[in-house]
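Contents: one structure, followed by commentary.
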Amino acid sequence: MAVRELLTDEAADELDLTLLSGAEGLDNVVNRPRIQKPGLALAGFLEYIHPGRIQILGKSEISFLLERPSAERGRIMSQLCRQGVSCFVLTTGLVPPPEVLEETERNRVPLLRTPLTSSTVIDRITRYLEDRLAPRAAIHGVLLDVYGLGVLLIGDSGVGKSESALDLVVRGHRLVSDDVVEIRRRGEILIGMGPELTRYHMELRGVGIINVKDLFGVASVRLSKFVELVIHLDVWRPGKKYDRLGLDEQGYEILGVRLPYVEMPVGPGRNLSVLIEVAARNHLLKLKGYHPARQLARRLGERLQADAQGAESEEERGLQSGREPGDGEA
Numbered sequence: 001m002a003v004r005e006l007l008t009d010e011a012a013d014e015l016d017l018t019l020l021s022g023a024e025g026l027d028n029v030v031n032r033p034r035i036q037k038p039g040l041a042l043a044g045f046l047e048y049i050h051p052g053r054i055q056i057l058g059k060s061e062i063s064f065l066l067e068r069p070s071a072e073r074g075r076i077m078s079q080l081c082r083q084g085v086s087c088f089v090l091t092t093g094l095v096p097p098p099e100v101l102e103e104t105e106r107n108r109v110p111l112l113r114t115p116l117t118s119s120t121v122i123d124r125i126t127r128y129l130e131d132r133l134a135p136r137a138a139i140h141g142v143l144l145d146v147y148g149l150g151v152l153l154i155g156d157s158g159v160g161k162s163e164s165a166l167d168l169v170v171r172g173h174r175l176v177s178d179d180v181v182e183i184r185r186r187g188e189i190l191i192g193m194g195p196e197l198t199r200y201h202m203e204l205r206g207v208g209i210i211n212v213k214d215l216f217g218v219a220s221v222r223l224s225k226f227v228e229l230v231i232h233l234d235v236w237r238p239g240k241k242y243d244r245l246g247l248d249e250q251g252y253e254i255l256g257v258r259l260p261y262v263e264m265p266v267g268p269g270r271n272l273s274v275l276i277e278v279a280a281r282n283h284l285l286k287l288k289g290y291h292p293a294r295q296l297a298r299r300l301g302e303r304l305q306a307d308a309q310g311a312e313s314e315e316e317r318g319l320q321s322g323r324e325p326g327d328g329e330a
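For the sequence shown, my numbering gives the first residue as 1, with consecutive numbering after it.
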């Protein structure tokens, strides 16, 4: 992103920045969400000044510069500006020394000022940059909030994703996006939302385009949701083998994050909305440490082991009494 985006309306409410100098550098690129305070770089140690980052000038930095002779201040700022710095942000409404204004203007590095404290600015700019610079992807599918769980429905066009989503909305769940889901990665979590132009709209074959928010009220939609479970609606193929037990955990990768994955065959007479609800409930149970399929497999294994031990004991008793196991009295 360009430095000028920090001065747009979207960022202005959060950051309250004004441009002091270096307007010709507003197209400088910011490509790292982490920002820096120069620290020892003001004393000439420039090894850890990373290009593409925003540098914060707070009370400590300005106080240090004011104690230096004018010529040294100019030299320090000139060296900093030549390290590929995206821009400088002056905090707490401080007044910069003239040399700072001159060198940022000469080197085309924007100098911005905010009345906010350094700690507040660092927190807000970091959050803003993490959102703006996050990896993004657009997925063909439907994102819903089902029992508080972010469920992404994917599958071929016409398989019934929108109809299933509508049925879930009628049953009290919430729509995030239909048809196109914009997903961004923040750390190890994925956040999905709908494109602004088509937000809360849904296309239904035979009905047309509807506005879910207007039809069912604001409680039927939400702006964004973590993506926590992927359900693939797949047209039932007679020759294909589907998982019947659920013992093996499957995964689906989006933007390098592996998500729990369920493949759900679609066929005549299958109530998809109920099946999706059950899949969501089952996943919530797994998050709490209870895995029904594994519990059943464990109990079955214990029963088989107990039966085997019982048979061995009966055989040993039969051998000790001199008759075959299972023989009755004559």
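Ideal placement from N, C-alpha and C gives every residue a C-beta, glycine not left out.
Other residues of its chain near residue i: CB distance less than 8 Å, five sequence neighbours each side excluded
i: GLY74; result: GLU99, GLU102, GLU103
i: MET264; result: ILE231, HIS232, LEU233, ASP234, LEU272, LEU275, ILE276, ALA279
Assigned secondary structure, residue i (DSSP; H/G/I helix, E/B strand, else coil)
i: PHE216; result: helix
i: ARG136; result: strand
i: GLN295; result: helix
i: GLU24; result: helix
i: LEU65; result: helix
i: GLY301; result: helix
i: ILE56; result: strand
i: ALA330; result: The predicted position of ALA330 is uncertain, since its pLDDT is 41 and thus under 50; no value can be drawn from it.
i: SER119; result: helix
i: ILE35; result: coil
i: THR126; result: helix
i: ASP243; result: coil
i: GLY150; result: strand
i: SER86; result: coil
i: GLY208; result: strand
i: ASP145; result: strand
Boundaries (first-last residue) of the beta strand (DSSP E) holding residue i
i: GLU253; result: 250–254
i: ASP179; result: Segment: none, ASP179 is in no beta strand (DSSP E) and carries neither H nor E.
i: ARG113; result: 111–113
i: HIS201; result: 201–204
i: MET1; result: Segment: none, MET1 is in no beta strand (DSSP E) and carries neither H nor E.
Limits of the alpha helix (DSSP H) - the one that residue i falls within
i: GLY74; result: 70–81
i: VAL266; result: Looking at the DSSP string, VAL266 is not in any alpha helix (DSSP H); the run it does join, the beta strand (DSSP E), is 257–266.
i: LYS286; result: 272–287
i: VAL159; result: Here VAL159 belongs to no alpha helix (DSSP H), and DSSP marks it neither H nor E.
i: VAL235; result: Looking at the DSSP string, VAL235 is not in any alpha helix (DSSP H); the run it does join, the beta strand (DSSP E), is 229–235.
i: VAL100; result: 98–106
Any non-hydrogen atom of the ligand SAH within 7 Å of residue i CB
i: GLN36; result: The model depicted lacks the ligand SAH and carries no ligand whatsoever.
Residue environment, residue i, which counts as buried when at least 16 other CB atoms sit within 10 Å
i: ARG113; result: buried
i: TYR290; result: exposed
i: GLY269; result: exposed
i: HIS140; result: exposed
i: LEU42; result: buried
i: ASP131; result: exposed
i: ASN28; result: buried
Cβ distance (whole Å) where residue i is taken to contact residue j below 8 Å
i: PRO135; j: ARG185; result: 5 Å
i: GLY194; j: VAL176; result: 6 Å
i: THR91; j: LEU65; result: So it is not a contact: roughly 14 Å between Cβ atoms.
i: LEU255; j: GLU228; result: Rounded, the Cβ-Cβ distance is 14 Å, inconsistent with contact.
i: VAL121; j: CYS87; result: About 12 Å separates the two Cβ atoms, so there is no contact after all.
Residues of its chain near residue i, where Cβ-Cβ distance is below 6 Å and the 5 sequence neighbours each way are ignored
i: ARG4; result: LEU26
i: SER21; result: LEU101, THR104, GLU105, LEU111
i: VAL146; result: HIS173, ALA280
i: GLN36; result: ARG53, GLN55
Sequence-distant residues of its chain with Cβ nearer than 7 Å to residue i (five each side left out)
i: GLU14; result: ARG124, TYR128
i: GLY93; result: ARG113, PRO115
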